[in-house]
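Okay, structure first, notes after.
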Amino acid sequence: MSRPTLFRVCALGAGLIFGGVLSAQASGLDDARAAIERGDLNQAAGLLAPVTQANSTDAEAFSLLSRLRLKQHKIGEAVDCAQKAADLAPTNARYFAELGLVLELQIDEVEFMQKAVVSNRVRKAYLKAIELNPRDIPTYCALVRFYSTTPPVLGGNLTKAQEMAMRVQQLDRFVGEIQLGSVADQNSDYDVALEHFETAAKMNKKSAVALSSCGEMLAKLGEKKKAKSRFEAALKIDPNLEAARKGLDDLNAPSPE
Numbered sequence: 326m327s328r329p330t331l332f333r334v335c336a337l338g339a340g341l342i343f344g345g346v347l348s349a350q351a352s353g354l355d356d357a358r359a360a361i362e363r364g365d366l367n368q369a370a371g372l373l374a375p376v377t378q379a380n381s382t383d384a385e386a387f388s389l390l391s392r393l394r395l396k397q398h399k400i401g402e403a404v405d406c407a408q409k410a411a412d413l414a415p416t417n418a419r420y421f422a423e424l425g426l427v428l429e430l431q432i433d434e435v436e437f438m439q440k441a442v443v444s445n446r447v448r449k450a451y452l453k454a455i456e457l458n459p460r461d462i463p464t465y466c467a468l469v470r471f472y473s474t475t476p477p478v479l480g481g482n483l484t485k486a487q488e489m490a491m492r493v494q495q496l497d498r499f500v501g502e503i504q505l506g507s508v509a510d511q512n513s514d515y516d517v518a519l520e521h522f523e524t525a526a527k528m529n530k531k532s533a534v535a536l537s538s539c540g541e542m543l544a545k546l547g548e549k550k551k552a553k554s555r556f557e558a559a560l561k562i563d564p565n566l567e568a569a570r571k572g573l574d575d576l577n578a579p580s581p582e
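If you read the sequence shown in my numbering, its first letter stands for residue 326, the second for the next number, and so on.
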């Protein structure tokens with residue numbers, strides 16, 4: 326019997342033996358995921374408790390528990406659960422991306438002397454995620470954010486942020502233009518940032534984010550009338566876009582005496 330055929334026979338046998346258990350467990354995780362999404366945290370905790378014991382090997386269960394702990398504002402526990410998921414499934418890019426995200430949130434929670442250690446873990450988690458999935462645009466964007474907004478002493482690096490933004494541009498030009506604009510903004514190159522955001526706005530005329538970003542740069546450049554026009558256009562597309570609403574409110578606020 327060939328190895329592929331033997332594998333299929335063994336898998337079928339395992340399915341017949343464990344199918345009921347696996348199906349019930351998968352259903353339980355789906356129910357827990359739904360409970361988290363609707364904000365029923367107590368139900369989610371009850372559903373996840375049996376499958377996240379110390380000897381559990383279900384990476385997805387720990388991933389969900391990490392999300393639950395995040396909702397409960399228990400950042401340290403969220404990090405531990407995300408790390409457990411990544412350890413259990415070391416070839417799954419999503420778990421490393423999730424680990425990077427919760428670690429990034431933990432930076433503000435720890436003492437100053439620990440911030441550099443946590444920041445290094447953030448960087449490594451995100452880099453591992455894109456190593457496993459080189460087309461993972463959200464994680465490239467997370468790296469752009471990390472490198473461009475983190476202080477240099479903690480690993481911030483605008484050159485690396487630019488490199489990551491250019492990788493995004495190769496995968497998705499529109500998103501890449503937004504990321505390149507964000508990096509230029511962090512570097513106080515508002516003219517350059519505006520060019521990128523305007524390019525993005527032309528590529529997607531229904532993007533409220535691109536229009537609002539143009540408004541922010543125009544405001545920083547002192548072009549208040551043009552900025553107001555962009556903010557208003559963004560709010561017509563998305564009336565709930567907080568950045569555009571704040572930008573417009575700031576422009577309409579009376580000047581300090």
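Glycine is no exception: its CB is placed at the ideal position from the N, C-alpha and C atoms.
It should be emphasised that the depicted structure is a prediction, and the values quoted were computed from it without experimental measurement.
Residue i beta carbon near the ligand COA (any heavy atom closer than 8 Å)
i	result
PHE471	Judged by which ligands are present, the structure shown has none, so any question about the ligand COA falls away.
Cutoff 7 Å; reference residue i; Cβ partners in own chain excluding five residues on either side
i	result
ARG460	LEU496
LYS545	TYR515
TYR465	ILE455, MET489, ARG492 and VAL493
PHE499	ALA525, MET528 and ASN529
LYS396	ILE361 and LEU366
ALA414	ALA384 and TYR420
ALA450	PHE421, LEU424, GLY425 and LEU428
Residue i versus residue j: straight-line alpha-carbon distance, rounded
i	j	result
LEU483	SER444	15 Å
LEU347	VAL376	Low confidence applies to LEU347: its pLDDT is 38, below 50, so where it sits in the model is not reliable enough to give any reading.
ILE462	VAL493	6 Å
ARG392	ALA418	16 Å
VAL517	MET528	17 Å
LYS549	HIS398	39 Å
ALA578	LEU560	18 Å
ALA568	SER537	7 Å
LEU505	LEU354	38 Å
ASN458	GLY425	14 Å
ARG358	ASP405	19 Å
ALA379	ALA410	12 Å
GLU523	ALA374	49 Å
GLY535	ILE503	Reading off the sequence, residue 535 comes out as Ala, not Gly. Cα-Cα distance, rounded: 7 Å.
GLU434	VAL427	11 Å
ILE400	ILE432	10 Å
ALA403	ALA369	14 Å
SER381	PRO476	38 Å
ARG394	ARG446	19 Å
LEU658	VAL469	The structure shown has nothing for residue 658, since the chain only spans 326 to 582.
GLY371	ARG363	15 Å
PHE387	GLN408	9 Å
LYS531	LYS571	20 Å
Unbroken alpha helix (DSSP H) run spanning residue i, endpoints
i	result
ASP510	498–511
ALA384	384–396
GLY401	400–413
ALA535	533–545
ILE562	549–562
LYS527	515–528
GLN378	Element bounds for GLN378: n/a, residue is neither H nor E.
ASP575	567–577
LEU426	418–431
GLY371	366–373
Cβ-based neighbour list, residue i, same chain, cut-off 6 Å, excluding 5 preceding and 5 following
i	result
GLY480	SER444 and ARG448
ASN512	LEU483
ALA349	No answer about ALA349 holds up, because its pLDDT of 43 lies below 50 and its placement is not dependable.
VAL508	SER473, ALA486, GLN487 and ALA490
HIS521	GLU502, LEU505 and GLY506
is_contact[residue i, chain C] using C-beta, thresh 9 Å
i	result
THR377	Of the protein chains in this structure there is only one, and it is not chain C.
Own chain residues within Cβ distance below 8 Å of residue i, not counting five before or after
i	result
ASP574	none
Contiguous alpha helix (DSSP H) assignments of at least 4 residues, all confined to the stretch 443–474: 462–474
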